[in-house]
Amino acid sequence: MGVATGVKGKVSGRLKGHGRFAMVLLFLAVGLVLALFVASIFGTVMLSLSDVVKMTIDKLPFIDLQDTWRAADETIFFQIRLPRVVASALVGAALATAGVLFQGLLRNPMADPYIIGTSAGAALGATVAMVLPIELSLLGFGLVPLAAFIGALGTVFLVYNLARVGGKTPVVSMLLAGFVVSALLVAIISFMMAISDQLDLNIRSVYSFLMGHISVVGWEWSVFIAPLVVAGVVVARFFAYHLNAFSLGEEGAAYVGIEVERDKILILALGSVLTAAAVSIGGLISFVGLVMPHSVRLVLGPDHRLLLPASALAGAIFVVFADLLARVVLAPTEIPVGIVTAIVGAPFFLYLLRRSRREYAF
Amino acid sequence: MIGLSIKQVFFSYGNGLVLHDIDLSVEPGEMVGLLGPNGSGKTTLIKLASGILKPGQGEIWLDGSNLNQIKRKAVARSIAVMPQQFHIPFAFRVGEVVMLGRIPFIRTLTGETEADREAVGYALELAGISELEQRRFDELSGGERQKVILAMVLAQQPELLLLDEPTVHLDITHQVEILELVRGLNRRQGLTVVAAMHDLNLASLYFDRLVLLKEGRVLADGTPAEVITENMLREVFAASVKVEAHPATGAPHVVIMPEESDHYSVD
Chain A
41 MGVATGVKGK
51 VSGRLKGHGR
61 FAMVLLFLAV
71 GLVLALFVAS
81 IFGTVMLSLS
91 DVVKMTIDKL
101 PFIDLQDTWR
111 AADETIFFQI
121 RLPRVVASAL
131 VGAALATAGV
141 LFQGLLRNPM
151 ADPYIIGTSA
161 GAALGATVAM
171 VLPIELSLLG
181 FGLVPLAAFI
191 GALGTVFLVY
201 NLARVGGKTP
211 VVSMLLAGFV
221 VSALLVAIIS
231 FMMAISDQLD
241 LNIRSVYSFL
251 MGHISVVGWE
261 WSVFIAPLVV
271 AGVVVARFFA
281 YHLNAFSLGE
291 EGAAYVGIEV
301 ERDKILILAL
311 GSVLTAAAVS
321 IGGLISFVGL
331 VMPHSVRLVL
341 GPDHRLLLPA
351 SALAGAIFVV
361 FADLLARVVL
371 APTEIPVGIV
381 TAIVGAPFFL
391 YLLRRSRREY
401 AF
Chain B
61 MIGLSIKQVF
71 FSYGNGLVLH
81 DIDLSVEPGE
91 MVGLLGPNGS
101 GKTTLIKLAS
111 GILKPGQGEI
121 WLDGSNLNQI
131 KRKAVARSIA
141 VMPQQFHIPF
151 AFRVGEVVML
161 GRIPFIRTLT
171 GETEADREAV
181 GYALELAGIS
191 ELEQRRFDEL
201 SGGERQKVIL
211 AMVLAQQPEL
221 LLLDEPTVHL
231 DITHQVEILE
241 LVRGLNRRQG
251 LTVVAAMHDL
261 NLASLYFDRL
271 VLLKEGRVLA
281 DGTPAEVITE
291 NMLREVFAAS
301 VKVEAHPATG
311 APHVVIMPEE
321 SDHYSVD
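Keeping their order, the protein sequence lines are chains A and B.
Here this note's numbering runs 40 ahead of the position in the first sequence, where the first position is 1.
Here this note's numbering runs 60 ahead of the position in the second sequence, where the first position is 1.
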């Protein structure tokens, strides 16, 4: 034991604390920027990497490069590709962060951002908005993302209050209430889909919402959602110690000074807002919120101080590439990105799981 | 160092009182063991004393302030609690688990400081597990894990330490090591200790004062010699026992008498 542990201690004890955190996050941040550029150049019209980098630098304040690129390319990059790619990154960061928050709070490896009903609520909201015979447009975005956002948050609020007994909200009650409310909402959606023919409802886009599809065209909705996601990811980091404490269980967390019920509400609310933001852009993209946190934990360990920001960045990179594949593999047909995240994500996660030869205490 | 005073406390989980009219004052620097059969209210009393349960009636005072009006973070800076066991689902390293004990002192914005890291190092040393710092908590033995948890609560630098049957799943080596360490801190640093104890003989050896509970009431409160008597134990436990003197210390030592012993006793 002695020698083996000693060696292991040196290898994994390596760069300690903040130095290691900073290195990992810098690496991932650079990776994300590269991913954004690379994903932007692919599409019906191929752009050149050097052009998009120059265009971006040109946009920076006080820098003015000579325009060596085509004006049409600039429009494609800024008005079509970049909004889409940035939206994917927002979805990935939001889902992965929400996944870490829910898994940490609930101490449940199967927890994902949708576990307490956000997905069903968002889906119902989106379905109702799609079915409604009104063409409403607020500030340049349609009714669907807004309805999905409100549906997700409304459902969590309902589930939380249903599970509340005598000033406390036990995790088990919340999971069960979430499950039952989801089942009910899904039944309502299915019913609407079943009768859609008779009533001549426009339901086709519901399918793409349910499978996950980055539906952003232009910046309007992202301008509203981006600050929310960025703020959410930053605020989540402030709960890192709380989440570490919750790994002792709710009682143990209280022993080390956590106000359990108050912090539970805050963490749930934060995770739900992030999830609602993500589904309002991308529908129900599966797998990201469940598996990105586990993957990052397998590689970097369970300390939430690193796990939270690293998962956000890794989740963003993952969805940017998944959406790239969804766009180009069968172009001009788009595959729902939720299918890509599962097909690419599942083998990748299994590889990580098998690679670590020790039992995974998640 | 601080004391704790429990005044006319009643408690119920919903149906039926678990604790009746408990009056118990723990002076700073005392080392008190709570005894009693399963279901007598020991664990509930520990939880009330930690502040995570609130009394239905009565009050608990921590050094002149009402415990239930103090914020959790402030409570955690003076009271640490070591339960029977913690299940930690994540693959934390030992050093990271012990650092959890510093959470009441860590400011979110600045993160852990050198003082926190020193406290963790010192706690690991006290618990005699410095060499385990980089090991994964979930891969340790039960005895090692309990020492890690002890190091965690010591990193909290409490003035009052509450223990809920801290030795219940351990072999005698670890039982003795943990109780020796706790008593050492009580003697040398005046750490106030209140522990629910399962094992009457360990309680008799390591505690100065014992409180015997029966069905949520205090039946006896005094030195081991006053509390661990055949009469008392007969009143509380169904098993038949004999109390003898410990060969080295003279403390009461409980010997269990098997039901059939009459049949083959010689005299």
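Glycine included, C-beta positions come from ideal geometry on N, C-alpha and C.
Hey, how far is the Cα of residue i from the Cα of residue j?
i: residue 387 (chain A); j: residue 281 (chain A); result: 32 Å
i: residue 30 (chain A); j: residue 265 (chain A); result: The structure shown does not extend to residue 30 (chain A), since chain A is modelled only from 41 to 402, so the question has no answer here.
i: residue 368 (chain A); j: residue 218 (chain A); result: 36 Å
i: residue 113 (chain B); j: residue 73 (chain B); result: 10 Å
i: residue 77 (chain A); j: residue 182 (chain A); result: 28 Å
i: residue 131 (chain B); j: residue 297 (chain A); result: 8 Å
i: residue 89 (chain A); j: residue 80 (chain A); result: 8 Å
i: residue 149 (chain B); j: residue 352 (chain A); result: 22 Å
i: residue 225 (chain A); j: residue 286 (chain A); result: 30 Å
i: residue 67 (chain A); j: residue 350 (chain A); result: 10 Å
i: residue 138 (chain B); j: residue 97 (chain B); result: 29 Å
i: residue 133 (chain A); j: residue 96 (chain A); result: 22 Å
i: residue 315 (chain B); j: residue 125 (chain B); result: 43 Å
i: residue 392 (chain A); j: residue 117 (chain A); result: 35 Å
i: residue 25 (chain A); j: residue 214 (chain A); result: What the structure shows of chain A is the stretch from 41 to 402, and residue 25 (chain A) is not part of that stretch, so it cannot be assessed.
i: residue 73 (chain A); j: residue 262 (chain A); result: 18 Å
So is residue i in contact with chain B if we call contact Cβ pairs under 9 Å?
i: residue 288 (chain A); result: yes
i: residue 152 (chain A); result: no
i: residue 456 (chain A); result: Lying before the first or after the last residue shown, residue 456 (chain A) is absent from chain A, which here runs from 41 to 402.
i: residue 300 (chain A); result: yes
i: residue 342 (chain A); result: yes
i: residue 149 (chain A); result: yes
i: residue 389 (chain A); result: no
i: residue 244 (chain A); result: no
i: residue 322 (chain A); result: no
Is there a Cβ from chain A that is less than 9 Å from the Cβ of residue i?
i: residue 68 (chain B); result: no
i: residue 151 (chain B); result: yes
i: residue 206 (chain B); result: no
i: residue 137 (chain B); result: yes
i: residue 163 (chain B); result: yes
i: residue 110 (chain B); result: yes
i: residue 168 (chain B); result: yes
i: residue 238 (chain B); result: no
i: residue 267 (chain B); result: no
Would you list the residues sitting across from residue i in a DSSP beta bridge?
i: residue 312 (chain B); result: B:305
i: residue 196 (chain B); result: B:153
i: residue 101 (chain B); result: Paired residue(s): none; residue 101 (chain B) is not in a bridge.
i: residue 140 (chain B); result: B:221
i: residue 196 (chain A); result: In DSSP, residue 196 (chain A) forms no bridge with anything.
i: residue 255 (chain B); result: B:93, B:223
i: residue 119 (chain B); result: B:67
i: residue 281 (chain B); result: B:271
i: residue 126 (chain B); result: B:121
i: residue 79 (chain B); result: B:71
Residue i: which of the options sits nearest, CA to CA?
i: residue 107 (chain A); options: A:118, A:91, A:120, A:188; result: A:91
i: residue 230 (chain B); options: B:118, B:100, B:135, B:207; result: B:207
i: residue 283 (chain B); options: B:145, B:265, B:147, B:183; result: B:265
i: residue 270 (chain A); options: A:189, A:356, A:104, A:325; result: A:356
i: residue 190 (chain B); options: B:218, B:203, B:154; result: B:154
i: residue 157 (chain B); options: A:344, A:395, A:374, A:390; result: A:344
i: residue 261 (chain B); options: B:276, B:277, B:293; result: B:293
i: residue 58 (chain A); options: B:181, B:299, B:173, B:129; result: B:173
i: residue 334 (chain A); options: A:171, A:300, A:147; result: A:147
i: residue 309 (chain A); options: A:262, A:206, A:196; result: A:196
i: residue 166 (chain A); options: A:200, A:250, A:72; result: A:250
i: residue 83 (chain B); options: B:281, B:319, B:296; result: B:281
i: residue 150 (chain A); options: A:329, A:354, A:104; result: A:329
i: residue 306 (chain A); options: A:112, A:74, A:145; result: A:145
i: residue 217 (chain B); options: B:164, B:290, B:115; result: B:164
i: residue 320 (chain A); options: A:202, A:268, A:116, A:201; result: A:268
i: residue 267 (chain B); options: B:213, B:234, B:285; result: B:285
i: residue 347 (chain A); options: A:140, A:70, A:385; result: A:140
i: residue 71 (chain A); options: A:303, A:359, A:376, A:135; result: A:359
i: residue 363 (chain A); options: A:322, A:119, A:105; result: A:322
i: residue 247 (chain A); options: A:365, A:339, A:126, A:379; result: A:379
Compute every distance between the C-beta of residue i and the non-hydrogen atoms of the ligand ADP, then say whether any falls below 8 Å.
i: residue 157 (chain A); result: Inclusion of the ligand ADP in the displayed structure is not the case, the ligand content being empty and no account of it being possible.
message = I want to know whether the stretch 270–283 of chain A touches the stretch 232–251 of chain A - three or more CB-CB distances under 8 Å.
response = no
Count the CB pairs spanning the stretch 248–262 of chain B and the stretch 166–180 of chain B that are closer than 8 Å, and state whether there are at least three. no
query = Should the stretch 106–121 of chain B be called in touch with the stretch 70–87 of chain B, which here means at least 3 C-beta pairs below 8 Å?
reply = yes
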